[in-house]
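Scroll down for the structure; my scribbles are underneath it.
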Amino acid sequence: METILLIIVLLINFLVGLYIIYLKQYFNRKGQNLADKEDLGQLTTIVEEVRNKFEQDTELLRATLAIETNKKNIIFNEQKQSIIDFSTNLNIWLWDSLRVSVHEYNQTNHEELKDKIIKLRDAYNNVNVALSRVQLLVQSDTLVSSCHETVMEVLKVHNFVDMRISRLKRTLMYEKVLVDQYLQKGPDFKPGDPSFEFYAQQAKDNAKEKDDILDDYIKEHGKLFQAALIQRNIFLELAKHYLNM
């Protein structure tokens, strides 16, 4: 649009210049022959009208160009902000919500895992909202696709963490129940009591479940997280290129 307007301005300049030259030549010829005050007045009026019209058209074109340029700047700033917001929420989701130190939780603080789960899901929702703005505003199919692919890759980590800490929470809750019930039995509750073996086996099974969850988390979380980081870095490079165009 700016190029078209510039061409129009240059063309008008050229045509007005030619017209003024013509009028000067005409005036010179008339001056050499029959030029009089009436001719001079008419020519002066015509030149002024042309000049005023040209100035008005030029100002209109400049105003139109300024509006178009400002509109493009506003749109680009919105695009830029949507990419920044997406990147910010993505990193909060990835580095804050999905990095859970599962070994720090036990029967005394397992309720904190509930807050972790809520925080994790809120972070995912925020990323989806930010992604929708990118899809609406950004005019790059490659970048938009990269955003979507990054979300899908991080979502694998999300689902893994969500499932493991939910299982861990249930296991730790049951562990607390077993401990509380054991303490309620009093000092006489020991091998030989009809229900002692049941509680002992339940405690053993629950402890194994907890160990399996922790081992699986430590083993698999790093792999999934690394894959998500690789995809995140691809998105960052595309975003930098788009913002610097």
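In my numbering, the protein residues as written are 72 to 316. All C-beta atoms, glycine included, are put in the ideal place defined by N, C-alpha and C. Predicted model only: the values in this text are computed from it and were never measured.
Between residue 155 and residue 205, the beta carbon gap of about 10 Å keeps them out of contact (Cβ cut-off 8 Å).
Separation of the CB atoms of residue 188 and residue 233 is rounded to 7 Å, and the pair is thereby assigned contact status at 8 Å. Under the Cβ criterion (8 Å, minimum of three pairs), the stretch 243 to 257 does not count as touching the stretch 188 to 203. In this structure, 242 is the residue among 143, 242, 195, 303 with its C-alpha nearest to the C-alpha of residue 182.
Taking residue 278 as the centre and dropping the five residues before and after it, the same chain places no C-beta closer than 7 Å to its C-beta. For a cut-off of 8 Å, the C-beta gap from residue 178 to residue 246 is around 5 Å, short enough to register as a contact. Excluding residues up to 5 positions away in sequence, 149, 150, 153 lie with their Cβ nearer than 7 Å to the Cβ of residue 208 in the same chain. Straight through space, the alpha carbons of residue 286 and residue 295 are spaced by roughly 15 Å. Check the Cα spacing between residue 215 and each of 316, 307, 116, 315: the tightest is with 307. With a cutoff of 8 Å on beta-carbon distance, residue 176 and residue 239 are scored as near each other. The closest CA to that of residue 223, considering only 303, 315, 126, is found on 303.
For residue 181, the secondary structure class from DSSP, reduced to helix, strand or coil, is coil. Look at residue 238 here: in three-state DSSP terms it is helix. Rounded to whole angstroms, residue 198 and residue 144 show a C-alpha spacing of 25 Å.
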